[in-house]
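Novice: Just so you know, we're using the working numbering here: the sequence shown kicks off at -3 and counts up by one. Here it is, the structure in full.
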Amino acid sequence: MPPLMPAPDRSVLDRRDQIAAALRTVVPGEGVITDEDERRAYESDGLAAYRQMPMLVVLPSAVEQVSRILRYCHDNNIKVVPRGGGTSLSGGSLPLEDGIVLAMGKFNRVLEIDFDNRCVVVQPGVTNLGISDAVQHAGFYYAPDPSSQIACSIGGNVAENAGGVHCLKYGLTANNLLGLEMVLMTGEVIRLGGRHLDSDGYDLMGVMTGSEGLLGVITEVTVRILRKPATARALLLGFPSNESAGDCVGAVIADGIIPGGMEMMDKPAIHAVEDFVHAGYPLDVESLLIVELDGPAEEVDELIRRVEAIARRCGATYLRISNTEAERLTFWAGRKAAFPAVGRITPDYLCMDGTIPRARLPEVLTRMAALGRKYELRIANVFHAGDGNLHPLILFDANAGELERAEKLGADILRLCVEVGGVLTGEHGVGVEKRDLMGTMFNEIDLAQQQRVKCAFDPNMLLNPGKVFPTLHRCAELGRLHVSGGRLPFPDIPRF
-3 MPPLMPAPDR
7 SVLDRRDQIA
17 AALRTVVPGE
27 GVITDEDERR
37 AYESDGLAAY
47 RQMPMLVVLP
57 SAVEQVSRIL
67 RYCHDNNIKV
77 VPRGGGTSLS
87 GGSLPLEDGI
97 VLAMGKFNRV
107 LEIDFDNRCV
117 VVQPGVTNLG
127 ISDAVQHAGF
137 YYAPDPSSQI
147 ACSIGGNVAE
157 NAGGVHCLKY
167 GLTANNLLGL
177 EMVLMTGEVI
187 RLGGRHLDSD
197 GYDLMGVMTG
207 SEGLLGVITE
217 VTVRILRKPA
227 TARALLLGFP
237 SNESAGDCVG
247 AVIADGIIPG
257 GMEMMDKPAI
267 HAVEDFVHAG
277 YPLDVESLLI
287 VELDGPAEEV
297 DELIRRVEAI
307 ARRCGATYLR
317 ISNTEAERLT
327 FWAGRKAAFP
337 AVGRITPDYL
347 CMDGTIPRAR
357 LPEVLTRMAA
367 LGRKYELRIA
377 NVFHAGDGNL
387 HPLILFDANA
397 GELERAEKLG
407 ADILRLCVEV
417 GGVLTGEHGV
427 GVEKRDLMGT
437 MFNEIDLAQQ
447 QRVKCAFDPN
457 MLLNPGKVFP
467 TLHRCAELGR
477 LHVSGGRLPF
487 PDIPRF
């Protein structure tokens, strides 16, 4: 277990059977899981290095059940960890010994498809890819496409503000989200946004997006859908170094070109992927870019010409352009399978997630390689090059005692991202993985202000405690926190 997780409340553990019986009156039948073997399926998410058995698992199937469960837990001081598809790579849905896991997998229906308003209303357990599958017959799709899109849930995408290959041009979850229904810890059900592109009042939907299950439980999501581009073609560009590929990324964006997707892999990742997928990637290059361009056919042809010229100026030694849809999909098949491909060449790996300014990409790749040598661990790089969202995969063997070294390397990589003007996470969230690094980005006042937002939604700190914040203050304590003994730096508001 990571340090500083909330100490278990023995009084809650002593009431485990009583709590299970009470929850069965809300979710009857097999909706409450108490069996140890069955609970073990929920002991971790995608960050499998950390595991903890939950006290109970509850599987509601209706909004009223979620409301009653949360109200009961609020009234009885029971911690709740919301869980979607369990694909989080930051430990965002790591259970608690004295808490319940609220698993939303039964909320898996597409509720309404509204082509006139170009939106879809779904329950949070619908998979990311499931939304596109539901509308593809009419020529539409949902743009954000994380690599785990076949399994990750849209509710989890909202909780982590997930991105994906096409987020450079079409945005993250936040840019494609129109409305939410959510249940507060008190059991109250509220709606934010709707089918319109904007709304008045506080942007509470923006607060919820990326809130990592700390503020409420999402029970319905409205997303916008887009028309499929008339034409989409991709280029495979090979380079003699990571630095030259990084230079090409910056040069393409500086030329005013915004690709539909722009992904980068280094040599270890290229070889692992090609051996796994056989996508036809070149094996004699140090770095590979996949650049997708979409739009009207004439525009795509012109953009391909410009990107090809830029790539050659940056020293590209390999260039291949897709001429069919099948060929384009083959280019992407390798990238989409990169994580499982790397899993075949190492006993364990940590998938990091940090974001940097694009202009610093060549420097950061060079310094990451030096860090790998320092810790004597290999790094395979697979990432969203266009928006600077890095996903270094740190290869290690936990059975050889290398986990601690891998974690230290990962922390140094994330500190490097912040040092060059970036951030700790681009789409995976903070969870427990990056929680104790939050102080590298935020001072105590920053973190206190963020916790005050949590207090407004969850004053008893029952929703997903132990995540995001390195030090969890009680709400009453936050009211007494000041700057160096003085007042918080807000100007006086004049009275009229």
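Each residue gets a CB set at the ideal place from its N, CA and C atoms; glycine is no exception.
Put M181 into one of helix, strand or coil per three-state DSSP.
Specialist: M181: coil per DSSP, three-state reduction.
Novice: Relative to the C-alpha of P142, which candidate in D129, H162 and A155 has its C-alpha closest?
Specialist: Nearest of D129, H162 and A155 to P142, Cα basis: H162.
Novice: Curious, which full-length beta strand (DSSP E) runs of at least 3 residues does the segment 84 to 119 contain?
Specialist: Runs found: 95 to 99, 106 to 110 and 115 to 118.
Novice: Going by DSSP, name the residue or residues bridged to T30.
Specialist: Paired residue(s): none; T30 is not in a bridge.
Novice: Can you find a CB in chain C that lies within less than 7 Å of the CB of L55?
Specialist: No chain C is part of this structure, which consists of one protein chain only.
Novice: Starting from S240, follow the alpha helix (DSSP H) in both directions and report where the run begins and ends.
Specialist: Element bounds for S240: N238 to A250.
Novice: Comparing alpha-carbon positions, which option in F136, L66 and E288 lies nearest T326?
Specialist: Of the listed residues, the one whose Cα sits closest to T326 is E288.
Novice: Please report the distance separating the alpha-carbon of A16 from that of P91.
Specialist: Answer to the nearest angstrom: the Cα atoms are 16 Å apart.
Novice: Could you say if the segment 338 to 358 and the segment 309 to 327 meet the contact criterion of at least three C-beta pairs nearer than 8 Å?
Specialist: Short answer: they don't touch.
Novice: Between M201 and L173, how many whole angstroms is the CB-CB distance? I'm expecting something under 8 Å.
Specialist: Confirmed, Cβ separation roughly 7 Å.
Novice: If distances are taken between C-alpha atoms only, which option among L285, G252 and C244 comes closest to L310?
Specialist: Here the sequence assigns Cys to residue 310, which means Leu is not the residue at that position. Nearest of L285, G252 and C244 to C310, Cα basis: C244.
Novice: When the Cα of G256 is compared with those of L315, M457, N113 and L168, which residue comes out closest?
Specialist: Selected option, being the one with the closest Cα: L168.
Novice: Nearest to K463 by alpha carbon, out of P78, V8, R411 and G397?
Specialist: Nearest C-alpha to K463: P78.
Novice: Considering only C-alpha positions, which residue in the set K102, E423 and P140 is nearest to S84?
Specialist: Cα-wise, what sits closest to S84 is E423.
Novice: For a test of the three-state rule: what should DSSP assign to T21, helix, strand or coil?
Specialist: In the structure shown, T21 sits in coil (DSSP, three-state: anything other than H, G, I, E or B).
Novice: State buried or exposed for A37, treating a residue as buried only when at least 16 other CB atoms are found within 10 Å of its CB.
Specialist: With fewer than 16 other Cβ atoms within 10 Å, it is exposed.
Novice: Once DSSP output is grouped into helix, strand and coil, what is the label at L125?
Specialist: Looking at L125 - three-state DSSP - the assignment turns out to be helix.
Novice: Check the C-beta distance from S149 over to G81 and give it rounded, since I have them as a contact under 8 Å.
Specialist: The pair is a contact, with the Cβ atoms about 4 Å apart (cut-off 8 Å).
Novice: Who are the Cβ neighbours of D76 in its own chain at under 7 Å, not counting the five residues just before and after it?
Specialist: According to the sequence shown, residue 76 is Val rather than Asp. Excluding sequence neighbours, V76 sits near L66, C69, G95, I96, L98, L458 and L459.
Novice: Using only the alpha-carbon positions, how far apart do L484 and V449 sit?
Specialist: The predicted position of L484 is uncertain, since its pLDDT is 37 and thus under 50; a value taken from the coordinates is nonetheless stated next. L484 and V449: Cα-Cα distance of roughly 16 Å.
Novice: Any idea which residues DSSP pairs V419 with across the strands?
Specialist: Beta-bridge pairing links V419 to T351.
Novice: Could you check if D442 is buried or exposed, using at least 16 other CB atoms within 10 Å of its CB as the buried criterion?
Specialist: Burial call: exposed.
Novice: Should D262 and S283 be called a contact, given that it needs their Cβ atoms to be closer than 7 Å?
Specialist: Yes, the pair counts as a contact, with Cβ atoms nearer than the cut-off.
Novice: Straight-line CA distance for R308 to L315?
Specialist: Roughly 9 Å between the two C-alpha positions.
Novice: Rounded to whole angstroms, what's the CA-CA distance from I489 to R324? Just pull it up for me.
Specialist: Low confidence applies here, because I489 scores a pLDDT of 35, under 50, leaving its location unreliable; read the following figure in that light. In a straight line, the C-alpha of I489 is about 58 Å away from that of R324.
Novice: Can you look up S480 in the DSSP assignment and give me helix, strand or coil?
Specialist: With a pLDDT of only 43 at S480, under 50, the local geometry of the prediction cannot be trusted, and no value is derived from it.
Novice: I'd like to know whether the C-beta atoms of S63 and V179 end up nearer to each other than 7 Å.
Specialist: A contact, by the Cβ cut-off of 7 Å.
Novice: Just how far apart, CA to CA, sit E473 and E216?
Specialist: The alpha-carbon atoms of E473 and E216 are separated by roughly 34 Å.
Novice: Would you list the residues sitting across from R229 in a DSSP beta bridge?
Specialist: Answer is L289.
Novice: Which residue from R356, V131 and I409 puts its Cα closest to that of E108?
Specialist: Nearest of R356, V131 and I409 to E108, Cα basis: V131.
Novice: Given Y371, which residues of its chain have a CB within under 7 Å of its CB, disregarding the five upstream and five downstream residues?
Specialist: So the qualifying residues of the chain are R401, K404 and L405.
Novice: For K75, which beta-bridge partners are listed by DSSP?
Specialist: Per DSSP, G95.
Novice: Would you kindly work out how many angstroms separate the C-alpha atoms of T218 and L188, rounded to a whole number?
Specialist: Spanning the two alpha carbons is a distance of roughly 10 Å.
Novice: Pick from N385, I375 and E39: whose alpha carbon is nearest that of D393?
Specialist: Measuring from the Cα of D393, the nearest candidate turns out to be I375.
Novice: Just to confirm before moving on: does the CB-CB distance between R191 and R114 stay below 7 Å?
Specialist: Cβ distance not < 7 Å, so R191 and R114 don't count as in contact.
Novice: Give the single residue among R354, G151 and V269 whose Cα lies nearest to the Cα of G121.
Specialist: For G121, the nearest C-alpha among the options comes from G151.
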